[in-house]
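> So for the sequence shown, my numbering puts the first residue at 955; every next one is plus one.
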Amino acid sequence: MACGNFRSKFLLRTELDRNFDDCCRYPESMESSLSREPKLSHLRSDGSVRMVDVSGKGDTLREAEAQAMVRLGRAALRALRDNPKGDVLEVARIAGIMAAKRTAELIPLCHNLPLTGIDVEVSVRGTLVRIRGRVRTTAGTGVEMEALTAVTVAALTVYDMCKAAGHGITIEQICLLKKSGGRSGTYVKKSAPRRAKG
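1. If you compare alpha carbons, which of LEU1034, CYS1129, LYS1144, THR1091 is closest to GLY1012?
2. In the DSSP assignment, find the beta strand (DSSP E) that holds ARG1088 and state where it starts and stops.
3. Can you confirm whether the region 1055-1065 touches the region 1112-1120 when touching is taken to mean that 3 or more C-beta pairs between the two stretches lie within less than 8 Å?
4. Have a look at ILE1128, SER1145, CYS1129, ALA1018 and flag the residue whose alpha-carbon is nearest the alpha-carbon of LEU1069.
5. Could you tell me the alpha carbon to alpha carbon distance between LYS1143 and LEU1015, rounded to whole angstroms?
6. Using alpha carbons as the reference points, say which of GLY1080, ALA1093, GLY1050 lies closest to ILE1072.
7. How close, in whole Å, do the beta carbons of GLY1120 and GLY1027 come, if the pair is a contact with beta carbons under 8 Å?
8. Is the beta carbon of ALA1022 sitting closer than 8 Å to the one on ALA1109?
9. Helix, strand or coil: how does DSSP classify THR1106 here?
10. I'd like the list of long-range same chain contacts for ILE1125, defined as Cβ closer than 6 Å, with 5 residues on each side in sequence excluded.
11. Can you tell which of LEU1043, ALA1029, THR1140, ARG1079 has its C-alpha closest to the C-alpha of VAL1107?
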């Protein structure tokens, strides 16, 4: 009798373990995606480069927002406020918009996209110039590079117009803040760049 109870409990435990394993096992499609190493999309298997073919992707609304910071010294900050070369912030803003539209000419394997909206904001916070760029399109690929190019060129423009006051200017925290649309969905930078003290 005791032997029969032991056998029943053993079989029950074995069945429970099997069910538990089945519940915790990843689906085959997920297992393959987890084990797959991320690859650079612009590289072929032989190492040569290519522009990614996005003709199979449907046109969807895609947006991206990026940021850059320019740290100025006191002399450069005074020069910025005195505007000896014109309105630095407005010139930088226009430069960022122009750069976003010409991203495909600057980045070799970037697609030439029909941009439907570009917004560049440039503001001063202490000794920092904060630049934010938002770009929108309806296309088969995203506009992260356009947003990053916009803020980077805007930052370089601030540098160019203030460098006469000192070359200690630094460009910092160029990053993608968020993007939406496409197969990869929405991305939001988990920890926003730490606000540097001006």
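No residue lacks a Cβ here, since even glycine has one placed at the ideal position from N, Cα and C.
Taking the coordinates as given:
1. Taking only the C-alpha atoms, the option nearest GLY1012 is THR1091.
2. Run containing ARG1088: 1082-1093, per the beta strand (DSSP E) assignment.
3. Counting Cβ pairs under 8 Å, fewer than three are found: no touch.
4. Out of ILE1128, SER1145, CYS1129, ALA1018, the CA that lies nearest to the CA of LEU1069 is found in ALA1018.
5. A direct Cα-to-Cα measurement between LYS1143 and LEU1015 gives close to 20 Å.
6. If we check each option's Cα against that of ILE1072, GLY1050 comes out closest.
7. Indeed they touch by this definition, with Cβ atoms about 5 Å apart.
8. In this structure, ALA1022 places its C-beta atom within 8 Å of the C-beta atom of ALA1109.
9. Looking at THR1106 - three-state DSSP - the assignment turns out to be helix.
10. Within the same chain, ILE1125 has close Cβ partners VAL1024, ALA1109.
11. Per the Cα distances, LEU1043.
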